[in-house]
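Engineer: Position 4 of the sequence shown, counting from 1, maps to 849 under the working numbering, and the rest follow consecutively.
Heads up, the beta-carbon is just placed ideally off N, CA and C, and yes, glycines get one too.
From a predicted model like this one, the values you see are computed outputs, not experimental measurements.
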Amino acid sequence: MRDKLRNLVAELVRGGVPLEMACREFERVYIEEVLASHAGNQSAAARELGIHRNTLSRKLEPPAAQPSFRRARIAS
């Protein structure tokens with residue numbers, strides 16, 4: 846598994862993908878896989894992930910729907 850991950854990371858680095866974006870995408874795909882393994886049951890998936898169900902729901906929202914603390918700071 847480590848070799849596969851290392852190859853994927855190398856590909857992302859070569860492609861110029863920023864760390865924040867890579868982490869966000871990894872987390873989203875991981876969550877989607879766990880959710881699929883529980884047939885879409887968010888409560889069961891959240892338990893397996895060790896997070897609250899509301900946190901899981903928030904992480905599944907499209908990025909545009911999530912509050913941006915950066916935008917709030919800039920606007921102030």
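Rounding to the nearest angstrom, what Cα-Cα distance links A855 and R898 in this structure?
Structural biologist: Cα to Cα, A855 sits roughly 33 Å from R898.
Engineer: Determine the direct distance from the alpha carbon of E870 to that of P828, and round the result to whole angstroms.
Structural biologist: The structure shown does not extend to residue 828, since the chain is modelled only from 846 to 921, so the question has no answer here.
Engineer: Output the boundary residues of the alpha helix (DSSP H) element that contains V874.
Structural biologist: Per DSSP, V874 belongs to the alpha helix (DSSP H) from 864-882.
Engineer: Quick one: grab the DSSP three-state call for N886.
Structural biologist: Coil at N886, not helix or strand.
Engineer: Please classify E856: does DSSP put it in a helix, a strand, or coil?
Structural biologist: Three-state result, E856: helix.
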